[in-house]
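Enquirer: Below are the structure tokens for one structure; questions will follow.
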Amino acid sequence: MKNLLTIIFTILLSQLSFAQNTSLQSSFNLDFEKKTPGQKLPEKWQEWGTGYQLSTDSVEKYSGKNSILIKAPVEKANIPFGCAANTIPAIYEGKEIELRGYMKFENVESGWAGLMLRIDGNTGPLQFSNMQNDNIHGTQDWKQYSIKLPYPGNAAKIHIGALLTGTGKLWVDELELFIDGKPYWLNLSPNFFTPTKRLITNWRL
């Protein structure tokens, strides 16, 4: 009887884990497919910085229905950048985190286009890259880019996105997040399922 109960518990736990991972896979809208009518950006996405024009583009995209377009203002004085960002709770474990995404850009000069990956702890940033050192500029059709960073054990939040500085336009589409080479939602921390932690269904996704 005890062995039977153990088997049943293991099956239920596996089903719960699968359900949670499936929810995580779709909840953060990394492909921009979910959009509320009347909102300029896809669900879960927000604008960092002011002055640049951010919008959802259903015409120019790499795949699916939508991409995000970031367009530089005509008058750029004292406007440093435009960024579309999404925040994910750091409830995963691993040693390395990677953000991949497709970008297309036109006439980017006096600045750069890039993906953005930032890992925050409880008191501030722990790891950060916006691809400034890659000096991505000019005009380029759709191409996949990536950022890899160490994944700190004391991470609290994961910020992902894309940004534009300088002139021109940037489109971004089909972002993917990996931890230790696997999709992030397959690396959910076992501690997240202990009685002292809330299940993902209680998080504000």
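Residue numbers (the numbering used here): 328 to 532.
The beta carbon of each residue, even a glycine, is placed where N, CA and C say it ideally should be.
What's the gap between the Cα of V401 and the Cα of G493?
Expert: If I take the Cα positions, the gap works out to 10 Å.
Enquirer: Three or more C-beta pairs under 8 Å: does that hold for the region 434-450 against the region 471-485?
Expert: yes
Enquirer: Since G378 is in the beta strand (DSSP E), which residue starts that stretch and which ends it?
Expert: Unbroken run through G378: none, as it is neither H nor E.
Enquirer: By the three-class DSSP mapping on this structure, what secondary structure does L426 have?
Expert: strand
Enquirer: For N413, I'd like the list of residues in its chain whose CB is within less than 7 Å of its CB, leaving aside the five on either flank, ordered along the chain.
Expert: F355, K371, W372, I487 and G488
Enquirer: Taking H464 as part of the beta strand (DSSP E), name the residues at either end of that continuous run.
Expert: Here H464 belongs to no beta strand (DSSP E), and DSSP marks it neither H nor E.
Enquirer: For N457, which of G441, T450 and T383 has the nearest alpha-carbon?
Expert: G441
Enquirer: Kindly identify the DSSP beta-bridge partner or partners of L497.
Expert: For L497, which the question treats as bridged, DSSP gives the partners I397 and F432.
Enquirer: With distance defined between alpha-carbon atoms, name the residue in A399, A411 and S382 nearest to G365.
Expert: Between G365 and the set A399, A411 and S382, the nearest pair of CA atoms involves S382.
Enquirer: Spatial neighbours of G378 within its chain, please: CB distance less than 6 Å, with the 5 preceding and 5 following residues excluded, ordered by chain position.
Expert: Taking G378 as the centre and dropping the five residues before and after it, the same chain places the C-beta of P400 and I406 closer than 6 Å to its C-beta, in chain order.
Enquirer: Roughly how many angstroms lie between the CA atoms of K585 and E423, to the nearest whole one?
Expert: With the chain represented from 328 up to 532, any question about residue 585 goes unanswered, as that position is not in the structure.
Enquirer: From the DSSP output, in three-state form, read off L513 for me.
Expert: Assigned with DSSP and collapsed to three states, L513 falls in helix.
Enquirer: Closest to F455 by CA distance: which of W469, E425, K470 and G465 is it?
Expert: E425
Enquirer: Kindly indicate if chain B contains any beta-carbon less than 8 Å away from that of S385.
Expert: Structure shown: chain B not included; a single protein chain is present.
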